[in-house]
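Q: The structure under discussion is supplied below as C-alpha cells; questions concerning it will follow.
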Amino acid sequence: MRTKLTAKGVEKAKVANGKTMQRFHDGQGLYLSVRKSGTKAWELRFTKPDGRGSNLGLGKYPEVSLLEARKLAAEFRKLRAQGKDLAVEHKKKKLEVKRQACNTVRKIGELWLETAASRVAKKTVSAP
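With full-length UniProt numbering, letter number 63 in the sequence shown gets 63, and the count goes up by one each step, no holes.
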C-alpha cells in the first residue's frame, strides 16, 4: 500500500534527475505533478463514462493546498459516481466562477454610480 502525501512532502517534492516531470500519488486518483522547473500542480485521474482515461487539473500548488486538493477530488469523485462526465462538470464550475466575477465587476460599477454620481459631472455617469 502506498503512503499518502503529507504537506511537508508536497512542499519538498522534486523531480528525479534526468526527468522533466514526475507524478506523486496521494490516493484515489489524486496526483501531484511536479515539473523540472519546480512548478507543482494537482491532477485527478479518472475514467470517463465512455471508458477512456483522462486527467483533470485541480489547480497549482501552493494556491491549492493538499487538503483543498483532496476536497476537490472527493467532490469530483461524487459526481463521477453519479455517472457525470468530470470534464464537463469542471468546465461548468469554471464558467460559473467567471460569471460570478462578472457580476462582481458589475456590482462595483453600480455601487460607484450610486455613491459617486452626486459628486461628479452629469456627463461622466450618463450614457452617450
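All C-beta atoms, glycine included, are put in the ideal place defined by N, C-alpha and C.
Is the distance from the Cβ of V64 to the Cβ of L56 below 8 Å?
A: no
Q: Would you mind giving the Cβ-Cβ distance between V15 and F24, rounded to the nearest angstrom? I have them listed as a contact below 8 Å.
A: Incorrect: roughly 10 Å between the Cβ atoms, too far for contact.
Q: Return helix, strand or coil for Q82, following the three-state DSSP convention.
A: coil
Q: Go ahead and pull the three-state DSSP assignment for L56.
A: strand
Q: Quick check on Q28: does DSSP put it in helix, strand or coil?
A: coil
Q: What's the gap between the Cα of E75 and the Cα of A121?
A: 50 Å
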